[in-house]
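Colleague: In the working numbering, the protein residues as written are 12 to 264. To start, I am sharing the structure in question, which I have written as structure tokens.
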């Protein structure tokens, strides 16, 4: 067993590489990825953002709310937000430094602001999820405009619109639930680019990662590499046991 790239820097995953041999002596390598906390950026602090922030925070998204109006971007309105930014969308997006691991919802108060946000995002690093609220007609018009301005068609095609899963949502809370459902779907999906034996969880398990980073003493690692049926922990779960019997993490119920 060996450690590899355990330092989680710049929002990138840390990895624990486990090399072992099966009963026939064949060596196998498993990669356990510790993903960074899922950052959800809400561009717009309107009526949909309020319940979406609350629901998403409850499901372990680190929510950042951005709005250029002090009456909308404040802690009283978004008590569950990890960060609140009251500034122009262009400046806020630039300073937030979006990564490929982020989730971004463009839910501003108007078509003009939607365009401002998309221009800034499409010109930089694409997030894992980019959703846009708005009517179908206005969205088509905006996409045509962006293509005329030189933005690549394949990038524009990656924007999820209409935002959220089609559950017939009408009220702000219902729309927030439909958006959150799509976010969960994206967070849970496995990339086809991952190797068949690459194990990655949606939770970053900060206590276990901190332990592995801070302690160089010998320890035993139990890793769930396969499961069947209903189990209390997912594939990829890790538990460390030190020489004194101290346990960090969990590999069973």
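Beta carbons are placed, not taken as given, at the ideal position from N, Cα and C, and that holds for glycine.
What is the DSSP secondary structure of residue 28, counted as helix, strand or coil?
Modeller: strand
Colleague: Ignore the nearest five residues each way along the sequence and tell me which others in residue 149's own chain have a CB closer than 6 angstroms to its CB.
Modeller: 122
Colleague: With respect to the beta strand (DSSP E) encompassing residue 94, which residues constitute its N-terminal and C-terminal limits?
Modeller: Per DSSP, residue 94 belongs to the beta strand (DSSP E) from 94-97.
Colleague: Taking only runs of the beta strand (DSSP E) that begin and end inside the segment 142-212, which ones reach a length of at least 3 residues, in chain order?
Modeller: 209-211
Colleague: Hey, would you say residue 115 sits closer than 8 angstroms to residue 178, going by beta carbons?
Modeller: The answer is no: Cβ separation not under 8 angstroms.
Colleague: Near residue 99, what residues of its chain come up, given a Cβ to Cβ distance below 6 angstroms and the 5 sequence neighbours on each side ignored?
Modeller: 79
Colleague: Rounded to whole angstroms, what's the CA-CA distance from residue 256 to residue 235? Just pull it up for me.
Modeller: Straight-line Cα distance between these residues: approximately 19 angstroms.
Colleague: From residue 259 to residue 37, what distance separates their C-alpha atoms?
Modeller: Cα to Cα, residue 259 sits roughly 29 angstroms from residue 37.
Colleague: Three-state secondary structure (DSSP) at residue 78?
Modeller: strand
Colleague: What is the C-beta distance between residue 89 and residue 64, in whole angstroms, given that I count them as a contact (C-beta under 8 angstroms)?
Modeller: 5 angstroms
Colleague: Take residue 185 as the anchor and find which of 108, 85, 62 has the nearest alpha-carbon.
Modeller: 62
Colleague: Please state whether the Cβ-Cβ distance between residue 142 and residue 172 is less than 8 angstroms.
Modeller: A contact, by the Cβ cut-off of 8 angstroms.
Colleague: What is the residue span of the alpha helix (DSSP H) that residue 70 lies within?
Modeller: First-last for residue 70: undefined, no H or E at that position.
Colleague: Determine whether the beta carbon atoms of residue 56 and residue 74 lie at a separation below 8 angstroms.
Modeller: no
Colleague: Within 10 Å of its beta-carbon, does residue 270 have 16 or more other beta-carbons around it, so buried, or fewer, so exposed?
Modeller: Given a span of 12 to 264 for the chain in the structure shown, any question on residue 270 remains unanswerable.
Colleague: Assuming residue 154 and residue 167 make a contact with CB atoms under 8 angstroms, what is their CB distance in whole Å?
Modeller: 5 angstroms
Colleague: Put residue 112 into one of helix, strand or coil per three-state DSSP.
Modeller: In the structure shown, residue 112 adopts coil according to DSSP, grouped into three states.
Colleague: Considering only the beta carbon of each residue, do residue 54 and residue 118 sit closer than 8 angstroms?
Modeller: yes
Colleague: Going by the CB atoms, is the gap between residue 107 and residue 129 shorter than 8 angstroms?
Modeller: No, they are not a contact pair.
Colleague: Between residue 233 and residue 187, what straight-line distance do the alpha-carbon atoms span, to the nearest angstrom?
Modeller: 39 angstroms
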